[in-house]
Amino acid sequence: MIAAQQVCVLGATGSIGLSTLDVIARHPDRYQVFALSGFSRLAELQALCLRFRPCFAVAPDALAARQLQEALHGAGLSTRVLFGEAGLCEVAAHPEVDSVMAAIVGAAGLKPTLAAVEAGKKVLLANKEALVMSGALFMQAVRRSGALLLPIDSEHNAIFQCLPGDYSRGLAQVGVRRVLLTASGGPFRETPLEQLADVSPEQACAHPNWSMGRKISVDSASMMNKGLELIEACWLFDAAPAQIEVVIHPQSVIHSLVDYVDGSVLAQLGNPDMRTPISHALAWPQRIDSGVPPLDLFAVARLDFQAPDEQRFPCLRLARQAAEAGGTAPAMLNAANEVAVAAFLDRRLRFPEIASMIDSVLNAESAVAVESIDAVMAADRRARERAGQWLSRHG
Ligand code: NAD
Ligand code: MG
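So for the sequence shown, UniProt numbering puts the first residue at 1; every next one is plus one.
This is how it looks when you write it as structure tokens:
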């Protein structure tokens with residue numbers, strides 16, 4: 001019998017983390033949980049540790065780590081509890097780990113995800129912000145270490161499935177004309193524009209097709225999520241921004257498409273359930289049961305497509321501009337967006353102001369090339385400061 005893969009789940013208490021654990025629990029002979037991390041829902045983290053009995057758990061700080069450590073010891077577990085970014089990096093790069101699910105949300109996931117990449121792990125990338133921020137450096141680290149990077153984002157996983165195995169030779173070399181990135185259009189696809197100033201966080205988080213964490217739900221409503229995904233796709237598939245077209249497809253059944261020069265268009269379809277891309281990446285190049293019910297095309301009945309409206313979704317234009325500018329621009333876009341989304345969720349910012357704030361932060365400084373992760377983090381900090389200043393001026 002082949003030894004089970006040791007999996008480290010960063011962001012285990014989140015939406016992607018829990019879906020990952022659901023798939024793992026279906027295949028106890030193939031996957032074992034080596035480490036779990038959580039940041040805010042600590043009771044859930046404890047319950048997950050009791051269920052999956054990992055070798056390591058990572059808590060946000062020393063106090064939380066001590067409490068979790070005592071509770072787990074009390075329950076007879078030998079799990080070691082670490083904390084903070086250093087703890088996350090340690091488990092991500094641990095010699096006994098085979099696969100790392102990078103499912104922390106936002107810039108907080110950058111260093112741990114990079115630690116997994118640098119240690120040459122199989123990295124299942126959900127944390128798109130990490131790649132968006134540090135693109136060139138991240139991909140250089142993948143090549144240097146020989147890490148296997150597999151996309152979890154449903155669109156990128158779909159594109160990966162529709163590309164030939166040797167696509168890293170270059171998209172033109174393998175006959176790709178365009179990549180079509182599908183987007184649902186989110187909850188405000190048809191909301192009258194004048195009502196957008198009054199939408200609430202609850203409305204923004206009520207996604208029509210997907211159940212996700214709050215940050216990515218707001219990103220989907222503003223379509224900044226698609227903008228981040230455009231940048232993510234450029235790095236994953238070595239594509240120019242102009243080779244990637246965004247298509248609104250409200251049913252979220254086609255997860256993305258690849259258009260070839262001979263006129264063939266390949267698509268990946270499935271129910272909108274993240275357990276499909278998670279299972280695909282966990283088992284790649286094999287296939288395993290994910291628990292996702294078969295797609296019922298008769299129930300779907302129709303597939304619609306429309307072009308995105310830039311007036312409704314200015315974040316998409318801002319992200320495309322940042323992709324074209326390159327260098328520090330995507331990190332600044334991402335940081336300003338994180339501040340804007342947190343302020344919107346806190347009711348300190350109106351929905352349309354998310355784009356206004358990001359626009360102002362991006363205009364404050366021109367993009368420069370990035371030579372180190374420290375330079376990326378410095379750009380991230382400057383953008384957060386400027387976003388904070390914008391908030392105090394407009395709050
Ligand atoms: P979530 O909010 O449900 O979970 C986030 C996880 O990260 C939690 O475990 C949380 O404890 C942890 N976390 C938050 N802040 C942290 C910090 N400062 N330090 C360490 N850990 C921290 O988010 P999610 O929806 O699961 O999304 C996770 C990532 O996956 C995001 O980058 C998102 O864009 C991406 N993604 C999610 C989906 C989806 O369907 N949910 C789809 C595609 C991509
Ligand atoms: Mg996606």
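Just so you know, even glycine gets a beta-carbon here, dropped at the ideal spot from N, CA and C.
Beta-carbon proximity list for residue i, same chain, < 7 Å, skipping 5 on both sides
| i | result |
| --- | --- |
| residue 380 | 107, 133, 331 and 335 |
| residue 62 | 83 |
| residue 186 | 207, 220, 221 and 223 |
| residue 44 | 13 and 38 |
| residue 90 | 82 |
| residue 153 | 126, 128, 229 and 232 |
| residue 261 | 175 and 177 |
| residue 297 | none |
Same chain, Cβ closer than 6 Å to residue i, neighbours up to 5 away in sequence not counted
| i | result |
| --- | --- |
| residue 146 | 120 |
| residue 248 | 183, 185, 306 and 308 |
| residue 242 | none |
| residue 15 | 212 and 213 |
| residue 231 | 132, 323 and 330 |
| residue 115 | 89, 92 and 93 |
| residue 100 | 8, 92, 116, 121 and 123 |
| residue 87 | 58 |
Bounding residues of the beta strand (DSSP E) (the contiguous stretch that carries residue i)
| i | result |
| --- | --- |
| residue 398 | Look at the range of the chain in this structure, 1 to 395, and you will see that residue 398 is not part of it. |
| residue 101 | 99 to 102 |
| residue 188 | Residue 188 -> no beta strand (DSSP E), and no H or E assigned at all. |
| residue 2 | First-last for residue 2: undefined, no H or E at that position. |
| residue 183 | 176 to 183 |
| residue 269 | 265 to 269 |
| residue 105 | Unbroken run through residue 105: none, as it is neither H nor E. |
| residue 246 | 244 to 248 |
Element boundaries [alpha helix (DSSP H), containing residue i]
| i | result |
| --- | --- |
| residue 332 | 329 to 345 |
| residue 16 | 15 to 26 |
| residue 361 | 353 to 363 |
| residue 384 | 373 to 394 |
Straight-line gap, residue i to residue j (C-alpha atoms, nearest Å)
| i | j | result |
| --- | --- | --- |
| residue 218 | residue 2 | 42 Å |
| residue 393 | residue 110 | 30 Å |
| residue 286 | residue 279 | 9 Å |
| residue 389 | residue 368 | 22 Å |
| residue 291 | residue 30 | 15 Å |
| residue 182 | residue 251 | 10 Å |
| residue 350 | residue 225 | 18 Å |
| residue 5 | residue 155 | 25 Å |
| residue 72 | residue 356 | 47 Å |
| residue 34 | residue 333 | 34 Å |
| residue 149 | residue 319 | 23 Å |
| residue 396 | residue 235 | Because the chain spans 1 through 395 in this model, residue 396 falls outside it and cannot be assessed. |
| residue 170 | residue 238 | 7 Å |
| residue 125 | residue 204 | 25 Å |
| residue 396 | residue 166 | The structure shown does not extend to residue 396, since the chain is modelled only from 1 through 395, so no value can be given for it. |
| residue 18 | residue 276 | 13 Å |
| residue 59 | residue 373 | 24 Å |
| residue 283 | residue 138 | 23 Å |
| residue 41 | residue 178 | 41 Å |
| residue 375 | residue 325 | 16 Å |
| residue 27 | residue 21 | 10 Å |
Close beta carbons around residue i, own chain, < 8 Å, minus the five adjacent residues each side
| i | result |
| --- | --- |
| residue 295 | 253, 269, 270 and 271 |
| residue 162 | 256, 257, 258, 266, 267 and 268 |
| residue 348 | 391 and 395 |
| residue 49 | 36, 57, 68, 72, 77 and 79 |
Check: residue i C-beta below 7 Å from any heavy atom of the ligand NAD
| i | result |
| --- | --- |
| residue 118 | no |
| residue 14 | yes |
| residue 129 | yes |
| residue 74 | no |
| residue 37 | yes |
| residue 11 | yes |
| residue 40 | yes |
| residue 348 | no |
| residue 186 | no |
| residue 126 | yes |
| residue 214 | yes |
| residue 327 | no |
| residue 104 | yes |
| residue 133 | no |
| residue 278 | no |
| residue 152 | yes |
| residue 25 | no |
| residue 210 | yes |
| residue 270 | no |
Any non-hydrogen atom of the ligand MG within 7 Å of residue i CB
| i | result |
| --- | --- |
| residue 365 | no |
| residue 229 | yes |
| residue 155 | yes |
Min CB distance residue i to chain D below 8 Å
| i | result |
| --- | --- |
| residue 183 | No chain D appears in the structure shown, which is made up of a single protein chain. |
Entirely within the region 31 to 98 and at least 4 residues each: give me those alpha helix (DSSP H) ranges in chain order.
42 to 52, 62 to 74 and 84 to 92
Which runs of the alpha helix (DSSP H) fall wholly inside the region 124 to 161 and span at least 4 residues, in chain order? 128 to 145
Where are the alpha helix (DSSP H) runs, 4 residues long or more, that stay fully inside the region 283 to 328, in chain order?
297 to 300 and 314 to 325
**Item:** Within the region 192 to 232, ranges of the alpha helix (DSSP H) (whole runs, at least 4 residues)
**Value:** 201 to 205 and 214 to 222
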